[in-house]
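Encoded as structure tokens, the structure appears first; notes follow it.
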Amino acid sequence: MAKRRKVANPLALAVLAGLLREPMHPYELGRQLMESGKDRHIKYNRGSLYMVVEQLRKAGFVTERESVRDTQRPERTVYAITDEGRAELHDWMRELVALPRAEYPQFGVALSLLGALEPAEAADLLGRRVEALEAEADKVRADVKDAVDHGVARVLLAEEEYRLALLDAERRFVARLAKSLRHPDHIRISPELIHPGPG
Numbered sequence: 209m210a211k212r213r214k215v216a217n218p219l220a221l222a223v224l225a226g227l228l229r230e231p232m233h234p235y236e237l238g239r240q241l242m243e244s245g246k247d248r249h250i251k252y253n254r255g256s257l258y259m260v261v262e263q264l265r266k267a268g269f270v271t272e273r274e275s276v277r278d279t280q281r282p283e284r285t286v287y288a289i290t291d292e293g294r295a296e297l298h299d300w301m302r303e304l305v306a307l308p309r310a311e312y313p314q315f316g317v318a319l320s321l322l323g324a325l326e327p328a329e330a331a332d333l334l335g336r337r338v339e340a341l342e343a344e345a346d347k348v349r350a351d352v353k354d355a356v357d358h359g360v361a362r363v364l365l366a367e368e369e370y371r372l373a374l375l376d377a378e379r380r381f382v383a384r385l386a387k388s389l390r391h392p393d394h395i396r397i398s399p400e401l402i403h404p405g406p407g
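If you're matching positions, the sequence shown starts at 209 in this note's numbering and goes up one per residue.
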């Protein structure tokens, strides 16, 4: 069962992970989230980032390390992770990696209400989705190849491998669903739904 967190926003987890590497100013944390592509999974803006840092400070997970002032910018506060923050990060990560949780993607909502569309229109729209998924998967494959060619360690590409696996699985599912809507007399339940394959 998921543990109740003092600061439950996924952005807090990203902040703790960033500060695990080194003390930083929130602006620098935000820049690193964007450069690493993690902003695809963690929604934030400048205001929410500062708010989460303050919540983490109040919870005792981060602390003000120093204030830095240079001639170009106003005073900036650099934050560091505390021992409590490090323990929270590791505990939260272990939970997220080990325990599946219910997630609510928008496509799941669309599938649950698919009957609102005529079958032919739904099939055409699903066909367009297949094309978009294929294009996105091709881009991910190219990005992964480029990263591997530049010596990036595989563990740092796990997020992209997972994304690619989801895209491929969704593409197969959507193509099969579109086909069944075009040929309703050939509808059959996917065997994987009843008898899952080996893990």
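Here a beta-carbon is modelled for each residue, glycine too, at the ideal position from N, C-alpha and C.
Item to complete: From the DSSP output, in three-state form, read off Ser244 for me.
Response: In this structure, Ser244 counts as coil in the three-state DSSP scheme.
Item to complete: Give the straight-line distance between the Cα atoms of Gln314 and Leu375, rounded to the nearest whole angstrom.
Response: Within the model, the alpha-carbon separation for Gln314 versus Leu375 is close to 15 Å.
Worksheet item: Under 8 Å, do Lys251 and Ala222 count as touching if we go by C-beta distance?
Response: For Lys251 and Ala222, no; Cβs fall outside 8 Å.
Fill in: Contacting residues, own chain, Cβ-Cβ under 6 Å from Pro234 (five flanking each side not counted)
Cβ neighbours of Pro234 beyond the five flanking positions: Leu257, Tyr258, Val261.
Worksheet item: Between which two residues does the beta strand (DSSP E) carrying Ala345 extend?
Response: In the DSSP assignment, Ala345 falls outside any beta strand (DSSP E) and lies within the alpha helix (DSSP H) extending over 327-357.
Practice prompt. Under the assumption that Gly268 contacts Thr285 (Cβ atoms under 8 Å), give the Cβ distance between them as a whole number of angstroms.
Written response: A Cβ-Cβ separation of about 16 Å leaves Gly268 out of contact with Thr285 under the 8 Å criterion.
Worksheet item: Which one of Leu307, Arg349, Ala328 has the shortest CA to CA distance from Ala366?
Response: When C-alpha distances from Ala366 are compared across Leu307, Arg349, Ala328, the shortest belongs to Arg349.
Worksheet item: Which residue's Cα is closest to the Cα of Arg337: Glu243, Arg254, Leu237, Lys387?
Response: When each option's Cα is compared against that of Arg337, the closest is Lys387.
Worksheet item: Taking the alpha-carbon positions, what's the Ala330 to Leu322 distance?
Response: If you take the alpha carbons of Ala330 and Leu322, they lie about 7 Å apart.
Worksheet item: When you compare only the Cα positions, how much space is there between Glu292 and Val270?
Response: Roughly 8 Å separates the two Cα atoms.
Worksheet item: On the three-state DSSP scale, how would you describe Tyr312?
Response: Three-state result, Tyr312: coil.
Practice prompt. Just tell me which of Glu368, Arg390, Ala216 has its CA closest to the CA of Asp299.
Written response: Measuring from the Cα of Asp299, the nearest candidate turns out to be Ala216.
Worksheet item: Is Leu237 closer than 8 Å to Leu297 when the C-beta atoms are compared?
Response: For the 8 Å CB-CB criterion, Leu297 and Leu237 do not form a contact.
Worksheet entry | Same chain, Cβ closer than 8 Å to Leu228, five either side skipped, listed in chain order | Closer than 8 Å at Cβ, skipping near neighbours: Ile289, Arg294, Leu297.
Worksheet entry | Cα-Cα separation between His249 and Arg371, rounded to whole angstroms | C-alpha separation (whole angstroms): 11 Å.
Worksheet item: Tell me, which residues are paired with Arg284 by DSSP?
Response: DSSP lists Val276 as partners of Arg284.
Worksheet item: Helix, strand or coil: which one does DSSP assign to Val215?
Response: Here DSSP, grouped into helix, strand and coil, assigns Val215 to coil.
Worksheet item: Which value, in whole angstroms, describes the spacing of the CA atoms of Gly255 and Lys211?
Response: One C-alpha to the other measures close to 26 Å.
Fill in: Reference Tyr287, options Arg265, Glu303, Leu325, closest by Cα
The residue from Arg265, Glu303, Leu325 with its alpha-carbon nearest to that of Tyr287 is Arg265.
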